[in-house]
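To start, the structure itself, in structure tokens.
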Amino acid sequence: MTADPQQAEVAGPQDAEMAGPQDAEMAGPQQAELASSQETEVVRRHEAEVARLRDAYAAWPREVPVRLAKRTSNLFRFRDAIGAGPRASQARQAGLDVSAFGHVLDVDPAARTAWVGGMTTYEDLCDATLPYQLMPLVVPQLKTITLGGAVTGLGIESTSMRNGLPHESVTELEILTGDGRVVRATSDNEHAELFRGFPNSYGTLGYALSLTIELEPVQPFVHLRHFPFGSVEACMEAISQIAAEGSYRGHKADFLDGTAFAPDEVYLTVGAFSAVAPWRSDYTGQQIYYQSVRRDKEDFLTIRNYLWRWDTDWFWCSRPFGVQKPMVRRLWPRRYRRSDVYRKLVALDRRYHLTSRLDHKRDLPQREAVIQDVEIPVERGAEFLRFFAGNVGMSPVWMCPLRLRGERAWPLYPLQPGEVYVNFGFWGTVPLPADQADGYYNRLVEDEVAKLDGHKSLYSTSFYAEDEFYRRYNGEAYRALKRAYDGEDRLLGLYEKCVTGR
């Protein structure tokens, strides 16, 4: 596919990612034959790696919980040990090597699809699709989130009002199941129940080795407008209007998210694809994106910078590292201003209890990490945000409206088709009252989400009793899939992995 010459001229040299490779139809017979040969080689190598991983999984010591040797993680369940004994020690060092599944295998610009290894980061995936003026239908906001992780653990972003959640654009899953098989699951083959039950299973049924996903066309730029609201109630009404009309005050809503600094200071950011940009902002340098939401009514970003607008400062979570102070920011290398770097720093802090020891020496109260994403029906969204501001008090809070793309629910995360929800994301720590133990705030949030008929993402701390957990997350369907694809329980169960923290 060739890029539109006019668009390429507007975008300029910094936006070379939008200049697409030559269309195969223009390449000639010899180049077409070469392309076919290369595709065959990619398939052959992938099949060889699948066989290698299947053998490695079969040889994994049965007494040791299975883990993957991944170079990145966006989970906040930090664990140091996976067992005891020499075989466990060896497994701890190695893990299952899944590095071969961290690549884009093929992009088909004519069909608007990509065939992608399950451990591929969205950063690498977008680097492969943007040259064709295409992107995944939903691109989670952090660069090192993997495609397989976003599908099995759920992901979301500002196209989720239009396009639902990442798993809804998957057309085929290749899965290494808990019982050691490698199966291809689609919505209409013999593994259709696994296909629909894989989202929100968190690697407890198996691992996605490759996925085929739909792509959508993009423009070089995104035109943003930040709309302020004096109350969260007015903001929720605007979200409902955008859901019905697809635009707000004449501005098309290709993208929609929001930032709440307080219940009476809320902003919706509505983005529209644009072929032109009178100016371009850059929030990978000295400027900080979330601060601009309060300051600027209008903005333009390249499509690449828009997709990663939150990553540079991990939303606003780079503050504890001092990165938002101008002096520190100038000295902090740009290549290290990214979410995976900050997460590694948090992991070190958790491992050695640096912050908690320092707080103890200063006679400061113990702090509780409150790191969650919750989905609340839009008509109850104002209630939740007012509750959160009054009882937890963390600010800002990210808001991301969403609606399922299809007409069917997904068994393990039962959002209702046609219903509009708002994802509220909050990530930080708050001081504990003197008479309360760790978990106080997370339990408060968990109870309120249940009260408001909402759903809580399972990537972080949960306290549900097992019977309540499986009532909320369709234990009947999950157990049936577990029996069918991991009958010997080689992989942890969903409750054990996401609640008891094993």
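Going by the numbering used here, the first residue of the sequence shown is number 85, and it counts up by one from there. Ideal placement from N, C-alpha and C gives every residue a C-beta, glycine not left out. Owing to the predicted nature of the structure, the values given are computational and were not obtained by experimental measurement.
Can you tell me which of the options puts its alpha carbon nearest to the alpha carbon of residue i?
i, options, result
"F471", "A549, L575, V316", "V316"
"T270", "D531, G281, P347", "G281"
"L295", "H251, G355, V583, K336", "H251"
"L209", "A564, A194, D190", "D190"
"Q65", "P515, R464, R427", "Past the edges of the chain, shown from 85 to 586, lies residue 65, and the structure says nothing about it."
"V254", "R265, L231, S244", "L231"
"S544", "Y579, E560, Y554", "Y579"
"E321", "C484, L565, A466, L575", "A466"
"L289", "T124, V150, I323, T205", "V150"
"D192", "G248, Y216, R378", "Y216"
"R489", "V148, L340, G248", "G248"
"T197", "L299, M203, R128, L575", "L299"
"A328", "V425, R246, L214, V200", "R246"
"A132", "E256, V266, T204", "V266"
"S331", "D139, T243, G406, S285", "T243"
"E147", "C582, P404, V583, L576", "L576"
"A534", "A518, Y367, E552", "E552"
"D366", "S358, S376, V360, A561", "S376"
"P283", "E274, R419, L257, D272", "L257"
"Y562", "Y426, H539, Q370, L278", "L278"
"R427", "L226, T236, V127, T124", "L226"
"L152", "T124, G186, R129", "G186"
"G355", "D338, E125, D397, G477", "D338"
"A234", "G202, D211, T213", "G202"
"L363", "D383, R379, F510, Y374", "Reading off the sequence, residue 363 comes out as Trp, not Leu. The shortest Cα separation from W363 among D383, R379, F510, Y374 belongs to D383."
"I323", "I297, T353, D348", "T353"
"V606", "S402, V182, Q122", "Residue 606 is absent from the model: the chain starts at 85 and stops at 586."
"H130", "S402, V188, G559, A276", "V188"
"L195", "V360, P220, Q408, S358", "The question names Leu, but residue 195 is Ala in the sequence shown. Minimum Cα distance to A195 is reached at P220."
"L429", "F405, Y548, E241", "F405"
"P224", "H539, I240, H437", "I240"
"R418", "R379, V412, T368, Y374", "T368"
"W199", "V127, W144, R414", "V127"
"A276", "L536, W494, D519", "W494"
"L565", "D433, E274, R413, E463", "E274"
"K154", "E530, T205, D443", "T205"
Just to confirm, does residue i get its C-beta within under 7 Å of one of the non-hydrogen atoms of the ligand NAP?
i, result
"R128", "The ligand NAP is not part of the structure shown, which contains no ligands of any sort."
Closer than 8 Å by C-beta to residue i: which residues in its own chain qualify, once you throw out the five before and the five after it? Chain order, please.
i, result
"E572", "G262, D263"
"R136", "A184"
"P410", "Q370"
"D164", "Any reading at D164 is ruled out, since the residue's pLDDT is 45, under 50, leaving its predicted position unreliable."
"A168", "The predicted model places A168 with a pLDDT of 43, which falls under 50 and marks its position as unreliable, so this point remains unresolved."
Could you tell me which residues DSSP puts in a beta bridge with residue i?
i, result
"K336", "S331"
"S358", "F305"
"M219", "E300"
"A153", "D181"
"K540", "V458"
"E349", "A346"
"T197", "D192, E298"
"E382", "R309"
"E452", "V514"
"D341", "T353"
"Y291", "L260"
"T205", "T230"
Please go through the same chain and pick out, in chain order, the residues whose beta-carbon is closer than 7 Å to the beta-carbon of residue i, but skip the five residues on each side of it.
i, result
"Y141", "L180, L260, G264"
"A521", "none"
"K381", "R309, H310"
"Q177", "With a pLDDT of 49 at Q177, under the threshold of 50, the modelled position of that residue is not reliable, and no figure is offered here."
"D99", "Confidence at D99 is low in this model, with a pLDDT of 49, below 50, so the placement of that residue should be treated as unreliable; the coordinate-derived value is given next. P304, T386."
"R138", "L260, G264, V266"
"C582", "Y286, L542, S546"
"P301", "Q217, L218"
"G569", "The amino acid occupying residue 569 in the given sequence is Tyr; Gly does not appear at that position. Excluding residues within five positions, the ones whose Cβ falls inside 7 Å are T261, G262, D263, L278, L289, G290."
For residue i, collect the residues of the same chain with a Cβ closer than 6 Å to its Cβ; drop the 5 residues on either side in sequence, then sort them by chain order.
i, result
"R422", "D395"
"F313", "C319, V350"
"Y587", "Because the chain in this structure spans residues 85 to 586, residue 587 falls outside the shown range and cannot be described."
"W511", "C401, I455"
"K336", "A356"
### Task
Can you check the region 222-283 for any beta strand (DSSP E) of at least 3 residues that lies completely inside it and give the ranges in chain order?
254-261, 266-269
### Message
Three Cβ pairs or more, each shorter than 8 Å: is that satisfied between the region 513-532 and the region 453-460?
### Response
yes
### Query
Is the region 481-501 touching the region 441-448, taking contact as three or more C-beta pairs under 8 Å?
no
#### Entry: At least three beta-carbon pairs within less than 8 Å, the region 504-511 to the region 459-466
yes
### Task
Count the C-beta pairs between the region 384-392 and the region 299-313 that are closer than 8 Å, then say yes if the count reaches three, no if not.
yes
### Task
Count the CB pairs spanning the region 480-489 and the region 334-346 that are closer than 8 Å, and state whether there are at least three.
yes
### Query
What are the start and end residues of each continuous alpha helix (DSSP H) run of 4 or more residues lying completely inside the region 504-528, in chain order?
none
### Query
Which residue spans inside the region 458-512 form an unbroken alpha helix (DSSP H) run of at least 4?
465-475
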